[in-house]
Every structure is written in structure tokens, then in C-alpha cells.
Amino acid sequence: MIADKKKKKNSLDRKFRLSEFLAEKIIKAVSFTSFAVIILIFLFVFRETLPIFSAKDNVKSKVEVEPSETYGDDSPSSGVDDVKGNYSTLMTADEKADLKNLMGTEWQPVSSKPKFGLWPLVAGSLKVTLLALLFGAPLAVLAALFTAVFAPKRIKEFIKPAIELLAGFPSVVVGFFALVTLASFFQDIFGYEYRLNAFVGGVAMALAVIPIVYTVAEDAITSIPKSYSEASLALGANKWQTALFVILPAATPGIFAALLLGFGRAFGETMIVLMATGNASTLSFNPFESVRTLSATIGAEMAEVVYGDTHYTVLFLIGSILFIFTFALNAAAEFYVRKKLLKKFRGE
Amino acid sequence: MMKNKTLGYSVIAASAVSVVLLIAVLVYMIAEIYMGGRSYLSWEFLTAYPEAGMQKGGIFPAIVGTVFMVIVMSIACVPVGTITAIYLNEYASRKSFFTRMIRFAVNTLSGVPSIVFGLFGLGFLIQFVGAGMDKALLGPGEVKWGQPNLLWASMTMAFLTVPVVIVSVEEALKSVPDELRAASLALGATKWQTIRKVVIPNSISGILTGSILAIGRGAGEVAPILFTGAAFFLPHLPNKLTDQFMNLGYHVYVMATQSTDVEATKGIQYATAFVLLMCTFTLTLIAILVRYKFRKKLKS
Numbered sequence: 002m003i004a005d006k007k008k009k010k011n012s013l014d015r016k017f018r019l020s021e022f023l024a025e026k027i028i029k030a031v032s033f034t035s036f037a038v039i040i041l042i043f044l045f046v047f048r049e050t051l052p053i054f055s056a057k058d059n060v061k062s063k064v065e066v067e068p069s070e071t072y073g074d075d076s077p078s079s080g081v082d083d084v085k086g087n088y089s090t091l092m093t094a095d096e097k098a099d100l101k102n103l104m105g106t107e108w109q110p111v112s113s114k115p116k117f118g119l120w121p122l123v124a125g126s127l128k129v130t131l132l133a134l135l136f137g138a139p140l141a142v143l144a145a146l147f148t149a150v151f152a153p154k155r156i157k158e159f160i161k162p163a164i165e166l167l168a169g170f171p172s173v174v175v176g177f178f179a180l181v182t183l184a185s186f187f188q189d190i191f192g193y194e195y196r197l198n199a200f201v202g203g204v205a206m207a208l209a210v211i212p213i214v215y216t217v218a219e220d221a222i223t224s225i226p227k228s229y230s231e232a233s234l235a236l237g238a239n240k241w242q243t244a245l246f247v248i249l250p251a252a253t254p255g256i257f258a259a260l261l262l263g264f265g266r267a268f269g270e271t272m273i274v275l276m277a278t279g280n281a282s283t284l285s286f287n288p289f290e291s292v293r294t295l296s297a298t299i300g301a302e303m304a305e306v307v308y309g310d311t312h313y314t315v316l317f318l319i320g321s322i323l324f325i326f327t328f329a330l331n332a333a334a335e336f337y338v339r340k341k342l343l344k345k346f347r348g349e
Numbered sequence: 028m029m030k031n032k033t034l035g036y037s038v039i040a041a042s043a044v045s046v047v048l049l050i051a052v053l054v055y056m057i058a059e060i061y062m063g064g065r066s067y068l069s070w071e072f073l074t075a076y077p078e079a080g081m082q083k084g085g086i087f088p089a090i091v092g093t094v095f096m097v098i099v100m101s102i103a104c105v106p107v108g109t110i111t112a113i114y115l116n117e118y119a120s121r122k123s124f125f126t127r128m129i130r131f132a133v134n135t136l137s138g139v140p141s142i143v144f145g146l147f148g149l150g151f152l153i154q155f156v157g158a159g160m161d162k163a164l165l166g167p168g169e170v171k172w173g174q175p176n177l178l179w180a181s182m183t184m185a186f187l188t189v190p191v192v193i194v195s196v197e198e199a200l201k202s203v204p205d206e207l208r209a210a211s212l213a214l215g216a217t218k219w220q221t222i223r224k225v226v227i228p229n230s231i232s233g234i235l236t237g238s239i240l241a242i243g244r245g246a247g248e249v250a251p252i253l254f255t256g257a258a259f260f261l262p263h264l265p266n267k268l269t270d271q272f273m274n275l276g277y278h279v280y281v282m283a284t285q286s287t288d289v290e291a292t293k294g295i296q297y298a299t300a301f302v303l304l305m306c307t308f309t310l311t312l313i314a315i316l317v318r319y320k321f322r323k324k325l326k327s
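Chains as they are written, first to last, in my numbering: chain A, 2 to 349; chain Y, 28 to 327.
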């Protein structure tokens, strides 16, 4: 507000000053960096995946030029068509092979017939993420409720830094903790076969999800206007009734946003799953089986691939998927909350 | 009536228990990692090179590598973050499209998975900028910049930590009372003078908090540097930007999952994890204390 006023006052007799002009322009230019970075991430992560999409065209033109070639072993395009190259008498069959391979149910990138089925990885990511939210979200929301509503001020000043310290835990340390301690601990309790599995990964991931869900949920709860709880208390409701039936429902959009952000965080987190889930790509609903997630696949395999080959491209494709997915989640969380909350508090 | 009371108590109890549980887990994790590495922790462990195929010796190069990376990273991310925050809080009109775009970008940037930053570092910094520099500056076939090194890893990390700085600095800028700005302007200072002489000195603790938090974050992240510059073992310290480097977090990861004899080095792993944990822990704690003091000062 005041900034606007200042502007008006200045504009009455504004002299042109070069230093002022330059300072403002330079500051504006530098602040553009973060936007530029987002665009660049999008462009350059996506750029490396292009061969997947252009591979189709290569094959098409190739087949058109030399329709007699049916064995395609020396096809220069890329490994994706090598897989099905042997059967590729028909152009259409070959075209499908690309997508079919990516949509397959097996991930075996390093073999004589590499298979790049993404489904087991997607399923693995979802499994770990959902487990993490299952354990982490109730804890985080309840803790947020306690801090914002029930806790005396002195305890509050102790809890918030503690959670912030938890947020400052390096994910590699959490992963290490899960690998050496949690895994054996849970194996003793449940007696499952594989020491490292989705369950261990999910519990460890909960530790990474809790701080973000807690922070956003706590923000949402404290930003409920005082008049809400005052009205409720004035009507004779006691503290917990107010908390449970007035404050919590009013903060639902914020809490939902917190869950979305937590989901995004868990979906993209790498080191914890890389160390704690066993990294075997399986497709099942059993939480006690090893899984390989999207992010862990990049982390584990990128160092060993040859620059520019199909495996490399597919890893970048996975990266693009992660980026677009978290981007969408963040956008949804932001717009959903802003619209809903604003509407609510304006009483529309 | 009775039923209601039970419900009420259980709500309060459940929420209190979850807080206690969280803090217990926090303490237990630190204690467990400390107990595991206790016998290895010594001054020598911090100042010696790894020996005997990493099975003995210390983690000195990993510490130095982490420090170097963090320094280069801060040189990039602290000014950019601070300036962006200044723009957002001092210059930008709240409703303009440009401002909203930048805000959205900052929010998005803080939500991008760290591994995607790693891919970005590889695809953009190394394969595009680095390889481009090689082509332009060196002869054909020579590779100096177009490979993983300290500079690219630090830059990748800087992209990741810039939102941390922005958020902290903006909070500090917001808490500078408008009366101070008005007074400065009324005395005839220009806007840029006001920012330089009044606003920034009054929010220096916010800049400090932001930098410390960013450093803590950068020291702890591993995913972005997995393939942009971290090395498993190097016999010498990095002495130029094009060198690869060792890193504490990467050291923990590699030792725990990929070394030849994981069981034999368990103590070293615990101790390294503890050192890393203490670094980030101390940094976060300092940041919290600085902010706390600053807020107190503002109130009085």
C-alpha cells in the first residue's frame, strides 16, 4: 500500500537519475532469474528426451526408403526400435513398439533386449508416497493442531524449532537411518522376507514429509480468523469442540494443500528411496516387497549410462514426468488454496 | 455428555502424543547415529584422508569438498536470492503480471524434486554450457568444462537453494517498519538510497538467516550432485573449479550402498552421517536463534 503511495508522491516531481534507473532495472533483471531457471529446466530436461519422440520418424523414413530391410539390427536410430527391430516388417508395428515398450510392465534397461516399461516404477513411487502420507499426514496434522490450538505459548516456541530441525535433516541421513536401523527393526517385528522394501521406505519418507505438511497445515490453522473461534467459544463450546468442529473444518483447504505438497515432496524425493526400498522393480500391491521408484531409478542408473543412448533418454523422460507432476501438484495446491480460502473468509 | 468428554480428551491426547512422538523420533535418530559412530569420532577422523580402500582413516577431503561446494554455491545464490526478494518486496507492484510470474516461479522452484535439478545440471550446465564453452574456447576433442566438476555441482545446488534465501530475506524485508522507509524518503533520499542505507541494514539478519539455511540445505542434499561433480574417492583436494570433489552426503550414500565391504565400514558410515547431521543441525539452530533474536528486537 505504502509503496503505491510513495510512487505517486515521487511522480509529482521525479527527476531522472541514472543510478536509480540502473538499480531498478538491474534488480528487476536479476529477479527474473528464477523464472528463467524454471523455463530452462523445462526446456533442457525435455530436450534430452526428444530422441524418443523423433525415433519414430527415423524409423518411418527408413522403412519408407528401404522397405525390404526387415532385420534392422544395425539400425542407427536407437535401442528402442532395436528391441522390436527383428519383427519390424510393418511400419505400424514398429511405431507402436516405442510406446508399447514404455508402457510395458518390466523395467530391464540393461539386457540384450532392454525393456523400458515405466509402470513398475510409477507403481513403486505411488506405493512409497501413499505409505509415507498414511504414516506422516495424520501425525503432522495432529501435531499442527496441537501447536496452533492447544499448546501453551512456551511449549509452542519449543515445538516449532524442533520440527524445523527435523526439516533440516539431510535426506541422505534419513535414508541411512532407514537402511541400517529401521529396516532391521521392522523386520524383527513383521518378519518379512526382504529387508529393504516399500514399507521401510514409506516410514522413512514419512519423516521427510512430516515437516512440510506440518508447516503448511499449521499456517492454515493459525490463519483462521480469530472471530471464528471467538464466536464458537462465546456460544458455549469448549476449546476442543471449537478445535474439532470449527477450526479444523475451516482449515480444510489449507490442510488439503499441505497434503498435496507433501505428496509432491515424497514423489520426488530420491535419496531415501534409493537407500531404503531395495530398488527391485516389481509390480504388486504387497507393501513388504522391494520397489524401485521413478526418482531412485534416475539416481541409480544415470551415472552408468552412455550419453545420448536410449537408456539415457528414457531416464530424462522420467525426469520430465517428475517435473511436470510436481509442477502440476504445486500449481493445484496454490490455486486451490488461494481461491477456496479467500472465498471462505470473504463469506461468499 | 460423557461420550463427548471422552472424544474431547482423546483429541487433545492424540495431538499431544503425536508431537511427543515426533520429538522422540528426532532425538532417537540423533542418538542412534551418534552411538553407532561414537568410537570413530575423533579429531583425527575429521582431519585425515581415507586409507586402506576407504576402510580406515578419516573424511577430511569430503569435508573440504563440501565446504568448497557450499562456498561457490553461496556466492551464486545469496546475491540472486537477496536481490529477487528486494525486487518482490520493494519495487514490484503486487498485482502486475511480472510479479505474479516471479512469485509462481519461486514457489515452483522450491517444489521441484532435487533429482530433477541434477538432470538439469547435467543436461544444461554440463552438456550445453560446458560443452559449448569447450567448443568455443578449446580445440576440438578437448574436454575441460563439459564434464562433471565443482563449478557445475555448486551451480546446480544454487538453483535449488535460491528459493530458501528468497523466502527468508522477504520475511525480513516485510518486517522492516514502513515508517523507516517513509522517514528516509521524507529526508530526501531516493528509493535506491533508502533501500541501500535503511532497508538492507535493518534486514541484515534475515539475509544471514537465509544464507545459513541455504548453506545447511546445500550441505545436506546429495541428489543434485550425484552426476554433476561428486566423486567417490580423490587422493587430493580440489584446487580449481574444474576439479571433481568429495562430499559428505555422497560419501555416506556410497559407503552405505556401494562400497565393497559395507559391514566393515559401518562405524565410518555412522560417524560420517553424524558429522553431516551435526553440520546441518548446527546451521539450522544458528538460523533459528538469529531469527528469534531479530524478532525479539523488533518487538521491543
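C-beta: ideal position from N, C-alpha, C; glycine also. What you are looking at is a predicted structure, and each value in this text was computed from that prediction instead of being measured.
Check	Outcome
Where S208 of chain A falls, given that 16 or more other Cβ within 10 Å makes a residue buried	Residue identity check: residue 208 of chain A is Leu in the sequence provided, not Ser. The residue in question, L208 of chain A, is buried, as its Cβ has 16 or more Cβ neighbours within 10 Å.
Under the three-state DSSP convention, the category G84 of chain Y falls into	strand
Complete beta strand (DSSP E) runs within the segment 139 to 222 of chain A (minimum length 3 residues, chain order)	none
Nearest-angstrom Cβ-Cβ length linking M160 of chain Y and W172 of chain Y, presumed shorter than 8 Å	4 Å
Contacts around F264 of chain A, its chain only, beta-carbon distance under 7 Å, and the 5 residues preceding and following it disregarded	T130, L134, L330
A37 of chain A, enclosing alpha helix (DSSP H) - first and last residue	34 to 48
Min CB distance N331 of chain A to chain Y below 8 Å	yes
Residue-level contact to chain A via CB, K324 of chain Y, 8 Å cutoff	no
I190 of chain A burial status per 10 Å Cβ neighbour count (16 or more: buried)	exposed
Same chain, Cβ closer than 6 Å to I160 of chain A, neighbours up to 5 away in sequence not counted	T148
Contacts that E59 of chain Y makes with chain A (C-beta to C-beta distance below 8 Å)	F178, T182
Interface flag, I164 of chain A vs chain Y, CB-CB below 8 Å	yes
Contact check, V143 of chain Y vs I273 of chain A, beta carbons under 8 Å	no
Near-chain A residues of the segment 228 to 250 of chain Y (beta-carbon distance less than 9 Å), N- to C-terminal order	L240, G243, R244, A246, G247, E248, V249, A250
Residues sharing a beta bridge with K162 of chain Y, DSSP	Answer by DSSP bridge pairing: none, since K162 of chain Y is not bridged.
Among A:I40, A:Q242, A:A221, nearest to I256 of chain A - alpha-carbon criterion	A:A221
Contacts of E194 of chain A in chain Y (Cβ-Cβ under 9 Å)	Ordered by position in chain Y, no residue passes the 9 Å Cβ test against E194 of chain A, which lies about 20 Å from the chain.
Amino acids of chain Y, ordered along the chain, whose beta-carbon sits closer than 8 Å to that of M276 of chain A	Y280, A283, T284
Bridge partners - V292 of chain A, DSSP secondary structure assignment	A:G279
Cα-Cα separation, P110 of chain A to L73 of chain Y	40 Å
Whole-Å CB distance - R293 of chain A paired with A281 of chain A, under 8 Å assumed	6 Å
8 Å CB neighbourhood of Q271 of chain Y in its chain, flanking five on each side removed	P175, N176, L177, G256, A257, A258, L261, P265
Span of the alpha helix (DSSP H), counted from its first residue to its last, around L284 of chain A	Looking at the DSSP string, L284 of chain A is not in any alpha helix (DSSP H), and its letter there is neither H nor E.
Collapsed DSSP secondary structure at Q109 of chain A in the structure displayed	strand
Beta-carbon spacing of G63 of chain Y, G294 of chain Y below 8 Å	yes
Where E21 of chain A falls: helix, strand or coil (DSSP)	helix
In DSSP terms, what F272 of chain Y is bridged to	Y:A257
Burial state of R244 of chain Y, where buried means 16 or more other Cβ atoms lie within 10 Å	buried
Opposing strand residues paired with E78 of chain Y [DSSP bridges]	Y:K83
Beta carbon proximity, V143 of chain Y to chain A, threshold 8 Å	yes
Residues that M272 of chain A contacts on chain Y, provided the C-beta gap is smaller than 7 Å	V249, A250, Y280
C-beta neighbour in chain A for W219 of chain Y, strict 8 Å	yes
Classification of W70 of chain Y by the beta-carbon crowding that lies within 10 angstroms, buried from 16 upward	exposed
Within 8 Å, strictly: CB atoms of G145 of chain Y and A250 of chain Y	yes
Proximity to L261 of chain A [Cα-Cα], best of A:A218, A:I319, A:F36	A:A218
Local Cβ density within 10 Å of V54 of chain Y, reported as buried at 16 or more and exposed below that	exposed
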